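Visitor:
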Amino acid sequence: MFNYLVQRLATIIPTLFFVSVLIFGLQQLLPGDAALILAGEDNDPTVIAHLRSTMHLDEPFPVRYAYWAGGVLKGDLGESQRIKKPVLDLILEKLPVTLELACIAMVIALVIGVTAGVVSAVAKDSVWDYAANVVALWGLSTPNFWLGIMMILLFSVTLGWLPASGYVSPFEDLKGNLATMIMPAFVLGNAIAAVLMRHTRSAMLQVLSSDYVRTARAKGLDERVVVIKHALRNALIPIITLGALEFGTLLSGAVLTEQVFSVPGFGKLIVDAVFNRDYAVVQGVVLFTATAYIALNLCADVGYFLANPRLRG
Amino acid sequence: MSTLAAPLPVHREASPGARVLRRLRRRRAAIVGLWVVVGFILLALFAPWIAPYDPLQTSWSAVRKAPSAAHWFGTDEIGRDVLSRVIWGTRASLLAGLVSVSISLACGVPIGLLAGYVGGPVDALISRMTDAMLACPFLILAIALAAFLGPSLTNAMIAIGVTATPVFIRLTRAQVLAVKVEDYVEAARALGNPPWRIALRHVLPNAISPLIVQATLAIAAAVIAEASLSFLGLGQQPPAPSWGSMLNTAKNYIDNAPWMAIWPGLSIFLLVLSFNLVGDGLRDALDPRRV
Chain W
20 MFNYLVQRLA TIIPTLFFVS VLIFGLQQLL PGDAALILAG EDNDPTVIAH
70 LRSTMHLDEP FPVRYAYWAG GVLKGDLGES QRIKKPVLDL ILEKLPVTLE
120 LACIAMVIAL VIGVTAGVVS AVAKDSVWDY AANVVALWGL STPNFWLGIM
170 MILLFSVTLG WLPASGYVSP FEDLKGNLAT MIMPAFVLGN AIAAVLMRHT
220 RSAMLQVLSS DYVRTARAKG LDERVVVIKH ALRNALIPII TLGALEFGTL
270 LSGAVLTEQV FSVPGFGKLI VDAVFNRDYA VVQGVVLFTA TAYIALNLCA
320 DVGYFLANPR LRG
Chain C
898 MSTLAAPLPV HREASPGARV LRRLRRRRAA IVGLWVVVGF ILLALFAPWI
948 APYDPLQTSW SAVRKAPSAA HWFGTDEIGR DVLSRVIWGT RASLLAGLVS
998 VSISLACGVP IGLLAGYVGG PVDALISRMT DAMLACPFLI LAIALAAFLG
1048 PSLTNAMIAI GVTATPVFIR LTRAQVLAVK VEDYVEAARA LGNPPWRIAL
1098 RHVLPNAISP LIVQATLAIA AAVIAEASLS FLGLGQQPPA PSWGSMLNTA
1148 KNYIDNAPWM AIWPGLSIFL LVLSFNLVGD GLRDALDPRR V
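Taken in sequence, the protein lines are chains W and C. Just so you know, we're using my numbering here: the first sequence kicks off at 20 and counts up by one. Just so you know, we're using my numbering here: the second sequence kicks off at 898 and counts up by one.
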């Protein structure tokens, strides 16, 4: 186990290095003088001079990268040009909202995806199987921002059941919080549910044809017990790993969903930063997301390793 | 009396392309998807003749008019015909899908071929760089790239193409690793062919099937990505029509002009669904194990 962890950690370090080079390198894409662009519309010479010295813009790329990476290692992701706050503080401020959204979305995705996958595998080639496949294809092909707009049209404008946008903290009003979160979470969970459904179906089909399931059936066990206790429990291991890996999709989706429903989270932070040309925030958010994704990937791998006795040897 | 025997049936080995087409034809969903894609391509090509109005022509007397005989899909917030804008918007979406996937293929396949064929430190370096790009969520990296490059359709296509490249690098590398140990590649090497010739003439053609499937599915993803970037204001710039930017405007008028949102979204859904159906069908048709 220890050796495995060391081995996995050793592969992460070069990946993190390249991620940081890639994200820092984005700055090179800015057309013209970066200091002029970052200073915004006022073109204040003192601001430009300050930016030039703090960002070491007169130095060559590797030196600038070394300064930046040194700061990042100490938790300094730079400062927002517009809000004048450290980028890390901004990210940590917005993160709980997006995490709540992502968690509710993942629960919705797991409930819909795993249930539909099990039903379609158990009733293979039936109407249910066909319906579940159609729903999965729908989930994979629907742009989630459009689904969000259509849900606002139905549930907020036409029926008046749910608020169209906004956010209420769960500590202030739990019911109000759920009312504002349920639509964005469903929209976000929809696409992941489709992916989970397809994987659950194929994992279940494989497990259902295995010897131990045949033995369980031969023993005369109730079909429900066979499906849930014997088949699903074994099919769930790769599905949970996949769920963890879908975290990246959740964060990507959150950018659009938060925009549609005006949820003040992580996604809205990056979009607002893009429009305010607050490049330090854009870089900080991408770096934070990528690092979180790599860490989650590692957790999923270790979890899979622990859950699978054959790998432990 | 003629005693001529009936002519013996001639068994001709069908070419691989014909075999794939025959298998594809058996998958009804894929064929429907293919026809819808062809329909959208025709719409994009003949937009100036099919669209009933100029997509940029405003009319203050027809602001946010519901669908009618004069405007089948209604009009938008400054009186432009939604149907005409949807038809013209097909161009931006298809162009983004095709160009960005071409960029991914043009960059990803040679790099993947190099990594898989040469191996060693070159492979290790390319693989770590690919891992790094794959660690950044697709849309977030595309948004960051588009933001730094500046908002325009061309930059959105570059951002999507570059962001999708690592998938093609990885896929090509894996295929090449599997193919390069085959006997016919060994034979080509024994005959004294130079490495570039072996890679291009013997390895690549035998590694291409999964790339075709992935490219088709990637077009679907690119169409959604372009619509997403345009929705955020980072793709096609107004007043030029694009489905994503139309939805961005439409969300502000959802309570009194829902038709502005329904049609562009439905178009994205239909086009993406069709590419997904074709991709799924091609995967089945190209995979001998699924026959």
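Each residue gets a CB set at the ideal place from its N, CA and C atoms; glycine is no exception. Fair warning: this is a prediction, and the values are worked out from it, not measured in the lab.
Comparing alpha-carbon positions, which option in PHE1035(C), PRO1007(C), GLY1058(C), GLN1072(C) lies nearest ALA1104(C)?
Guide: Indexing the second sequence from 1 puts residue 1104(C) at position 207. Among PHE1035(C), PRO1007(C), GLY1058(C), GLN1072(C), the Cα nearest to that of ALA1104(C) is on GLN1072(C).
Visitor: Could you tell me the boundaries of the alpha helix (DSSP H) in which MET74(W) lies?
Guide: In the first sequence, counting from the first residue as 1, residue 74(W) sits at position 55. Here MET74(W) belongs to no alpha helix (DSSP H), and DSSP marks it neither H nor E.
Visitor: Considering Cα atoms alone, identify which of MET202(W), PRO189(W), LEU118(W) is closest to GLY179(W).
Guide: Translated into positions along the first sequence, residue 179(W) becomes position 160. Residue MET202(W) is the option with its Cα nearest to GLY179(W).
Visitor: With DSSP run on the structure shown, which of helix, strand or coil describes ARG27(W)?
Guide: The residue labelled residue 27(W) in the question sits at position 8 within the first sequence. Three-state DSSP puts ARG27(W) in a helix.
Visitor: When the Cα atoms are used, what is the spatial distance from ASP1177(C) to ALA948(C)?
Guide: Numbered from 1 along the second sequence, position 280 holds the residue referred to as residue 1177(C). Numbered from 1 along the second sequence, position 51 holds the residue referred to as residue 948(C). If I take the Cα positions, the gap works out to 32 Å.
Visitor: Determine whether the beta carbon atoms of ALA155(W) and MET216(W) lie at a separation below 8 Å.
Guide: Against the first sequence, residue 155(W) aligns to sequence position 136. Against the first sequence, residue 216(W) aligns to sequence position 197. It is a contact, given that the beta carbons lie within the stated cut-off.
Visitor: So, does the CB of VAL282(W) fall closer than 8 Å to a CB anywhere in chain C?
Guide: For the purposes of this step, residue 282(W) is taken as the residue at position 263 of the first sequence. VAL282(W) does not count as touching chain C.
Visitor: Using a Cβ cut-off of 8 Å (strictly closer), state whether VAL38(W) contacts chain C.
Guide: The count along the first sequence starts at 1 and reaches residue 38(W) at position 19. It does; some Cβ of chain C falls within 8 Å.
Visitor: Hey, quick one: how far does the alpha helix (DSSP H) through ALA254(W) stretch, first residue to last?
Guide: Your numbering for residue 254(W) matches position 235 in the first sequence. 252-264 is the span of the alpha helix (DSSP H), which, as asked, contains ALA254(W).
Visitor: Under 8 Å, Cβ to Cβ, is there at least one residue of chain W near VAL1188(C)?
Guide: Taking the second sequence and counting its residues from 1, one reaches residue 1188(C) at position 291. Only weak support exists for where VAL1188(C) lies, its pLDDT of 47 falling under 50; the value from the coordinates is given anyway. VAL1188(C) does not count as touching chain W.
Visitor: DSSP state of ASP978(C), grouped into three classes?
Guide: Walking along the second sequence from the start, residue 978(C) turns up at place 81. DSSP places ASP978(C) in strand when its eight states are reduced to three.
Visitor: Please tell me whether GLY976(C) has its Cβ less than 8 Å away from any Cβ of chain W.
Guide: In the second sequence, counting from the first residue as 1, residue 976(C) sits at position 79. Chain W contact via Cβ: absent.
Visitor: What span of residues does the alpha helix (DSSP H) with GLN100(W) cover, start to end?
Guide: Start at 1 with the first residue of the first sequence, and residue 100(W) comes out as number 81. Run containing GLN100(W): none; DSSP gives neither H nor E here.
Visitor: Just mark TYR1014(C) as buried or exposed, buried being the case when its beta carbon has 16 or more other beta carbons within 10 Å.
Guide: Taking the second sequence and counting its residues from 1, one reaches residue 1014(C) at position 117. Counting Cβ neighbours within 10 Å, TYR1014(C) comes out buried, since at least 16 surround it.
Visitor: Pairing CB atoms from the segment 257-274 of chain W with CB atoms from the segment 142-161 of chain W, are three or more of them under 8 Å?
Guide: Touching, no.
Visitor: What does the Cβ neighbour count give for LEU939(C), buried or exposed, with the cut at 16 atoms within 10 Å?
Guide: Position 42 of the second sequence, counting from 1, holds the residue named residue 939(C). Per the 10 Å Cβ criterion, exposed.
Visitor: State the DSSP-derived secondary structure class of THR972(C), mapped to helix, strand or coil.
Guide: Here residue 972(C) refers to the residue found at position 75 when the second sequence is read from its first residue. Strand at THR972(C).
Visitor: Using 8 Å as the threshold, is the segment 1027-1047 of chain C in touch with the segment 287-302 of chain W, meaning 3 or more CB pairs across them?
Guide: The segment 1027-1047 of chain C, when compared against the segment 287-302 of chain W, does touch it at the 8 Å Cβ threshold.
Visitor: Of all the CB atoms in chain C, is at least one closer than 8 Å to the CB of MET169(W)?
Guide: Along the first sequence, read from residue 1 onward, the residue named residue 169(W) stands at position 150. Cβ-Cβ to chain C under 8 Å: yes for MET169(W).
Visitor: If I'm right that ASN1153(C) touches ARG961(C) with Cβ under 8 Å, what's the distance once you round it to whole angstroms?
Guide: For the purposes of this step, residue 1153(C) is taken as the residue at position 256 of the second sequence. For the purposes of this step, residue 961(C) is taken as the residue at position 64 of the second sequence. That pair is a contact at about 7 Å.
Visitor: Three or more C-beta pairs under 8 Å: does that hold for the segment 1055-1064 of chain C against the segment 996-1012 of chain C?
Guide: Result yes; three or more Cβ-Cβ pairs closer than 8 Å.
Visitor: Report the rounded CA-to-CA distance for THR117(W) versus ASN62(W), giving the unit in angstroms.
Guide: Sequence index remark: in the first sequence, residue 117(W) carries index 98 (1-based). Sequence index remark: in the first sequence, residue 62(W) carries index 43 (1-based). Spanning the two alpha carbons is a distance of roughly 35 Å.
Visitor: Under 8 Å between the Cβ atoms of VAL1120(C) and VAL1100(C)?
Guide: Mapped onto the second sequence, residue 1120(C) falls at position 223. Mapped onto the second sequence, residue 1100(C) falls at position 203. Contact flag unset, no.
Visitor: How close, in whole Å, do the beta carbons of VAL1175(C) and GLN1111(C) come, if the pair is a contact with beta carbons under 8 Å?
Guide: Taking the first residue of the second sequence as position 1, residue 1175(C) is located at position 278. Taking the first residue of the second sequence as position 1, residue 1111(C) is located at position 214. Not quite, the Cβ-Cβ distance comes to about 12 Å (not below 8 Å), so this is no contact.
Visitor: DSSP puts PRO105(W) in a beta bridge; with which residues?
Guide: Taking the first sequence and counting its residues from 1, the one referred to as residue 105(W) is at position 86. BP columns for PRO105(W) point to GLU98(W).
Visitor: Is it the case that the Cβ atoms of PRO163(W) and GLY89(W) are separated by a distance below 8 Å?
Guide: Here residue 163(W) refers to the residue found at position 144 of the first sequence. Here residue 89(W) refers to the residue found at position 70 of the first sequence. The residue asked about is misnamed: residue 163(W) is Asn in this sequence, not Pro. Going by C-beta atoms, ASN163(W) is not nearer than 8 Å to GLY89(W).
Visitor: Is the CB of MET1054(C) under 8 Å away from at least one CB in chain W?
Guide: The residue given as residue 1054(C) occupies position 157 in the second sequence. No - not a single Cβ of chain W is within 8 Å of the one on MET1054(C).
Visitor: Hey, does PHE307(W) have any beta-carbon neighbour from chain D nearer than 8 Å?
Guide: The displayed structure is made up of protein chains W and C, and chain D is not among them.
Visitor: Among MET1026(C), ALA1122(C), LEU931(C), PRO913(C), which one has its Cα closest to the Cα of PHE1035(C)?
Guide: As a working mapping, residue 1035(C) is identified with position 138 in the second sequence. Measuring from the Cα of PHE1035(C), the nearest candidate turns out to be ALA1122(C).
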